[in-house]
C-alpha cells in the first residue's frame, strides 16, 4: 500500500515531536489537514465556485480549497502576515464574526483555532454555523487531550501570556471526557468518535492517518457540522 499526501501527492513525511512521519515534506500537511482535505475530496458535494471561508489557512489544504472555490475562496486570520502568498485577510473571531452574512458559505474550515481565541469560543462557533448556507458544512478540529476541560481568559502582556500558557498560547484545553459538555452543547455531536464510519481503514492508512486517531477524540478528530446541527 502506497502512503501519499492526498493534498499534494507527496510521498515523504517528516517527524514531529512524539509524532513520527506526521508532516508532509512537500506541502507541510499534518494528520488533521489531510483528514479535513479527504472530507472535501471524497465526502462533500460542493457546488462550482463554492463560497469557502478558511481560517488560519494551511498551504496544502488551501490549494484544494482554492481550486473548488475559485474567486469565492477567502483565507483569513487574525495575523495574515503568518501566511505569505495565500492572500489572507485580517479577521478577528472575537469581533468580525458578527459581520458575516447569514446563510452564505458552502464551506467553513478552521483547524486548531478556537483554543487560541481570547473570548467565549461558543458564540463564534454559533455565529459561524449561522453563516452556513442551507446545505453548507463547517469542518473543524482543535487539540483534544485526555481528561477534562479548562479555560482561563485574562488580560496580560504578551510575554506574560506566553509564560502562563506556553508559546502557542492555548487559553483553553478541550478534554476528551467532556466533548458532550462543550462542543456537544452547541452542536449535535456523536457520543463516540469513529472516523471509520466515514472512510475505509485502507483509505485512512493511505493518507497517513495513524490508527490512534480513528476511534477516539484527538487533535485530528474532524467535526462535521451544519446549521441544522445547532442546538441553540
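In our numbering, the protein residues as written are 112 to 343. Ideal Cβ placement from N, Cα and C applies to all residues, glycine included. Computed from a prediction, not measured in an experiment: that's the story for all the values here.
Run the CB neighbour count on residue 226, radius 10 Å, all protein chains shown included, and call it buried at 16 or more, exposed below. The residue in question, residue 226, is buried, as its Cβ has 16 or more Cβ neighbours within 10 Å.
Those runs of the beta strand (DSSP E) which lie wholly inside the segment 141-217 and span at least 3 residues: The segment 141-217 contains, as complete beta strand (DSSP E) runs of 3+ residues, the segments 163-166, 184-188 (chain order).
Near residue 132, which residues of its chain fall below 8 Å by C-beta distance, leaving aside the five closest residues on each side in sequence? Shown here for residue 132: same chain residues with a beta carbon closer than 8 Å to its own, the five before and five after excluded, namely 124, 125, 126, 319 in chain order.
Neighbourhood of residue 272 by C-beta, 7 Å cutoff - its chain only, sequence neighbours within 5 removed: The answer, listed in chain order, is 280.
Nearest to residue 175 by CA position, among 143, 117, 248, is which residue? Among 143, 117, 248, the Cα nearest to that of residue 175 is on 117.
Please report how far the alpha carbon of residue 207 lies from the alpha carbon of residue 183, in whole angstroms. Roughly 18 Å separates the two Cα atoms.
With three or more beta-carbon pairs closer than 8 Å as the criterion, would you say the segment 165-173 touches the segment 183-197? The segment 165-173 vs the segment 183-197: in contact.
Taking the beta strand (DSSP E) that residue 289 falls in, what are its first and last residues? Per DSSP, residue 289 lies in no beta strand (DSSP E) and is assigned neither H nor E.
Could you have a look at residue 136 and say whether DSSP puts it in helix, strand or coil? Taken through DSSP and simplified to helix, strand or coil, residue 136 comes out as coil.
Would you call residue 342 buried or exposed, if buried means 16 or more other Cβ atoms sit within 10 Å of its Cβ? Exposed, since its Cβ has fewer than 16 Cβ neighbours within 10 Å.
As a quick exercise: from 239, 265, 330, pick the residue whose alpha carbon is nearest that of residue 166. Distances from the CA of residue 166 to each of 239, 265, 330 were compared; the closest alpha carbon is that of 239.
Please report how far the alpha carbon of residue 241 lies from the alpha carbon of residue 213, in whole angstroms. When rounded, the distance between both Cα atoms is 6 Å.
Measuring CB to CB, does residue 328 end up less than 8 Å from residue 228? No, Cβ-Cβ distance for residue 328 and residue 228 is not below 8 Å.
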